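Remarks on the structure that follows.
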Amino acid sequence: MNDIDPRTKLIQVLILSTLALIYNKLSLLSLILLAAIVIALLNRINLLSILIRLKRLVKMIILIALIQSLLTKTGNPIFRIGNFTLLTDYGLIKSLEFILRLGIIIVSAAIITTSSSREIIQGLIQWHCPYEIAFMVSVAIRFLPIFKEEMTDMITAIQLRGIDLHKVKFNKKIQVYKYILTPITINSVIKAKELAAAMEMRGFRAYPQRTSYMVLKMQAFDYIIIGLSIAAAFLFFTFQ
Amino acid sequence: MKAVEVKNLSFKYNNSEDYVLEDVNFSVNSGETVAIIGQSGCGKSTLCNCISGLIPRVYTGHLSGEVLIYGENIKNLSIADTVTRIGIIFQNPSTQLFSPTIEDELAFGPENLCVDRDEIGIRIEKILKTINMEKYRYDNPNNLSGGQQQLIAIASVLMLNPAILICDEIMSWIDDEGKEIIMNVLLKLKEDGKTIIMVDHELENIKISDRIIYLGGQ
Amino acid sequence: MNNIDINNISYEYHRGRQIFNNFSLQLKNGETTFLTGCNGCGKTTLTKLIMGIIKPTSGEIKIFGKRADSLSLGSMGEIIGYVFQYPERQLFSSSVMDELTFPLIFKGYNKIETFEKAKDLLKIFDLEKVKNSYPSLLSYGEKRRLAIASVLMVVPKYLILDEPTASLDNHRIDALSDVLIELKNRKIGMLIISHNKTFIEKHKDRVIKLEGGQIYE
């Protein structure tokens, strides 16, 4: 199943995200999310482990959804404290919409990551995307885990110096964030320069075009999948 | 024929008062292995960047003097001409490798120069054999040890067949085992007639050099 | 109690790879212990477990009699100074001087004393010339010296150094050696991850090798 062309996956994700943007009804969004999950499972993705790894992100999404629903005043109230309305049905619906959409995005991202970054770039390039842009995407992918590691180390280091992030007063909090974000930004720029030097010395952008050792060929299977995906989207369109 | 000639080279960064390099003069013969030593801060890396053309191409500043590669002023060489004559390997392996597999990483250089696929395939096999890493061909460079990563960095540069190699403190982050492996590869390259310029401060690392050049205040 | 006691800890990475299984180790304060072993075998992980940056799945770590899990990172940092393998991950300020002084001033220590202490360390680590420079723009060697100097500002009882000699030239390594000798005289114990044989020979009280989750003397 991992011999699926990355462009096929890109098309599937494109269809999923477009549908997710167009439709509002919770039932339809749930269907789209279900379709995304099925595709992800067919690509042998372990969704549970991804959920666990992203648990902080998931908590934040739920928090934002809750805040959004608390702030929405239109609709029929569900929870009340005295005269104060905490939750309305409209607010609840809107926040569920938000959660479902983000769920679709996360699962779509997971589907794309089943292809290596080199394959994705090659897909984009064979679709005539300028290779500089495609490589920028790949570099971002490659360095994301390193940035995460650096951020974690920096926060640890500043706590080891005795600055407890949880106990810092608000006005000093800004100063502390400056102490963390400035070096991370600068380190990123330095890394970017080092990377640029290495790529330059291997001839990057020597010519307006480049050859590719890796060649992607769409198989019959890919066309079938794309066809099925478009058909499913079409059915969705007409029957909703 | 002299592989590298540095004549009256001076350089300072734009926002700096002091010159990092002042009137540097030396030359390297074809096939020679030369070590450049000096205290940290004396401009060794800057010198490497000037010889490889990264200054002024990527890093800017006030540059005067000349760098000649096989008799030609590096200023007049195109990117393609430069990288097929000189390769440079840096200290930190992780910012030199950016592809998901080793095969992709090795192919990157020649792909940029529009080398055809079959030729790229041939070079990949040859290089992997030289550094003895054929079985890692489809692995992710992130999962390799520091020493192995540096080997891949060296191999990626060699894919362009440069005759001159600059090694800018390439062993700094490598453990003893890795150092030995890298030294053996450098020895092989020396036997193949490559011109090697090594910048380092550990005498152990530069023992393969024919000659030592001292930079800076001694 | 003057030891770091690691008792029967187990730890595994996210992807399920078991690094330590019922692992025990005792480090005496005042002693300089060198930790060697292949890259990726868990040396840095062990130091992070000691510092409480990551927690073992079972077992107990005691830092000079106190349980590691009862100490906050801030308190831990005052007992054990930790210098990362990549020094740029622990340098935050806009100037070298500020880097040394800001955490103490932030916590309310006396400014004059703090600056005096910082000046001493600048001298010992040969950083006087760059005292107003941006730490991120220093060379690898200078960054490393600054990182070590900055953890020494709170006068910890023990030090953990991860590859302190990487990127340093012999002249600087000698300067670092002098500092280590001075620290030893003050009875500060150290755990140093290193591959530099000469350095190890010069300073070791004990050398342990970590391989396959086991310690070999």
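Protein chains in written order, with our numbering: chain A, 19 to 258; chain B, 636 to 853; chain C, 48 to 264. By construction, the Cβ of each residue, glycine as well, lies at the ideal position given by its N, Cα and C atoms. As the structure is a computational prediction, the values presented were derived from the model and not from experiment.
field: Closest residue to C:E135 among A:I204, A:L246 and A:S156 (Cα-Cα distance)
entry: The shortest Cα separation from C:E135 among A:I204, A:L246 and A:S156 belongs to A:I204.
Amino acids of chain C, ordered along the chain, whose beta-carbon sits closer than 8 Å to that of A:Y197: What A:Y197 touches in chain C: F139, S140 and F149.
field: C-alpha gap between A:Q193 and C:I127, whole angstroms
entry: Taking C-alpha positions only, A:Q193 is separated from C:I127 by approximately 25 Å.
query: If contact means a Cβ-Cβ distance below 7 Å, which residues of the region 157-186 of chain A contact chain C?
result: Within the region 157-186 of chain A, the qualifying residues are E168, D171, M172, T174, A175, I176, Q177, L178, R179, G180, I181 and D182.
query: Just how far apart, CA to CA, sit C:E189 and A:R220?
result: Cα to Cα, the separation comes out at about 29 Å.
B:E701, DSSP secondary structure in three states: Looking at B:E701 - three-state DSSP - the assignment turns out to be strand.
- request: Reducing DSSP to helix, strand and coil, say where C:P103 ends up.
  value: C:P103: coil per DSSP, three-state reduction.
message: Taking DSSP's pairing of strands, which residues face C:F67 in a bridge?
response: Answer by DSSP bridge pairing, in chain order: C:Y58.
query: Residue range of the beta strand (DSSP E) that C:Y129 falls in?
result: Its beta strand (DSSP E) spans residues I127 to V130.
- request: Taking only the alpha-carbon atoms, compute the straight-line gap between B:P691 and B:L698 and give it to the nearest angstrom.
  value: For B:P691 and B:L698, the distance between alpha carbons rounds to 8 Å.
task: Going by CA-CA distance only, name the one from C:V254, C:K256, C:N243 and C:I255 that's closest to B:L838.
output: Nearest to B:L838 by C-alpha distance, out of C:V254, C:K256, C:N243 and C:I255, is C:N243.
query: In chain order, what residues of the same chain have a beta carbon less than 8 Å from the beta carbon of C:Q73, not counting five sequence neighbours either side?
result: Only N50, I51, D52 and I53 meet the Cβ criterion.
query: Between C:D216 and chain B, is there a C-beta pair that is closer than 8 Å?
result: Yes, C:D216 lies at the interface with chain B (some Cβ there is under 8 Å from its Cβ).
DSSP-derived helix/strand/coil call for B:C802: In the three-state reduction of the DSSP assignment, B:C802 falls in the strand class, which pools E and B.
message: List, in chain order, every chain A residue whose beta-carbon is nearer than 7 Å to that of B:G744.
response: R220 and G221, listed in chain order.
message: If we define contact as Cβ-Cβ less than 8 Å, is A:N64 a contact residue for chain C?
response: When Cβ-Cβ separations below 8 Å define contact, A:N64 makes no contact with chain C.
task: Give every residue of the same chain whose Cβ lies closer than 8 Å to the Cβ of A:D240, excluding the five residues on either side of it in the sequence, and list them in chain order.
output: Within the same chain, A:D240 has close Cβ partners I22, D23, R25 and T26.
- request: From the DSSP output, read off the bridge partner residues of C:I53.
  value: According to DSSP, residue pairing for C:I53 in a beta bridge involves C:L72 and C:I108.
message: Just to confirm before moving on: does the CB-CB distance between B:P728 and B:Q785 stay below 8 Å?
response: Against a cut-off of 8 Å, the Cβ pair of B:Q785 and B:P728 comes out as a contact.
field: the region 162-170 of chain C / the region 94-102 of chain C touching (three or more Cβ pairs under 8 Å)
entry: No, the region 162-170 of chain C is not in contact with the region 94-102 of chain C.
- request: Could you list which residues in chain B have their beta carbon closer than 8 Å to that of C:A213, in chain order?
  value: The answer, in chain order, is S807 and W808.
message: What would DSSP say about B:M818, mapped onto helix, strand or coil?
response: Here B:M818 sits in helix by DSSP.
message: Can you confirm whether B:A638, when its beta carbon is compared against all beta carbons of chain C, has any partner nearer than 8 Å?
response: Not flagged as an interface residue toward chain C: B:A638, since no C-beta distance is shorter than 8 Å.
query: Alpha carbon to alpha carbon, what distance is there between C:P211 and A:L260?
result: Only positions 19 to 258 of chain A appear in this structure, which leaves residue 260 of chain A out of reach.
message: Let me make sure I understand the geometry here. Which of C:Y133, C:G124, C:G260 and C:T104 has the alpha-carbon closest to that of A:Q177?
response: For A:Q177, the nearest C-alpha among the options comes from C:G124.
- request: From the DSSP output, read off the bridge partner residues of A:F97.
  value: Note: A:F97 sits in a beta bridge opposite A:L105.
Contacting residues, own chain, Cβ-Cβ under 7 Å from C:I220 (five flanking each side not counted): Cβ within range, chain order: T212 and F246.
query: Smallest Cα separation from B:A790: which of B:I762, B:I704 and B:S665?
result: The shortest C-alpha separation from B:A790 is found at B:I762.
field: Proximity test, Cβ basis, 8 Å: B:D811 and chain C
entry: Closer than 8 Å to some Cβ of chain C, the Cβ of B:D811 qualifies, so yes.
- prompt: Identify the residues that DSSP records as bridge partners of B:K647: which are they?
  reply: Answer by DSSP bridge pairing, in chain order: B:H697.
query: Listing by chain order, which chain C residues have their CB less than 9 Å from the CB of A:I208?
result: Near A:I208 (Cβ distances below 9 Å), the residues of chain C are E135, S183 and L184.
query: Is it buried or exposed for B:H836, if we count other Cβ within 10 angstroms and need 16 for buried?
result: The residue in question, B:H836, is buried, as its Cβ has 16 or more Cβ neighbours within 10 Å.
- prompt: Could you check where the alpha helix (DSSP H) with B:G781 kicks off and where it finishes?
  reply: Per DSSP, B:G781 belongs to the alpha helix (DSSP H) from G781 to L793.
field: Of the listed residues C:Y205, C:D216 and C:K231, nearest to C:I110 (C-alpha basis)
entry: The closest CA to that of C:I110, considering only C:Y205, C:D216 and C:K231, is found on C:Y205.
task: Can you pull the chain B residues whose beta carbon is under 7 Å from the beta carbon of C:H242, in chain order?
output: Result: D810 and D811.
task: State the CB to CB distance for the pair B:S807 and B:T668, rounded to an integer number of angstroms; the pair is presumed to be in contact (CB under 8 Å).
output: About 19 Å separates the two Cβ atoms, so there is no contact after all.
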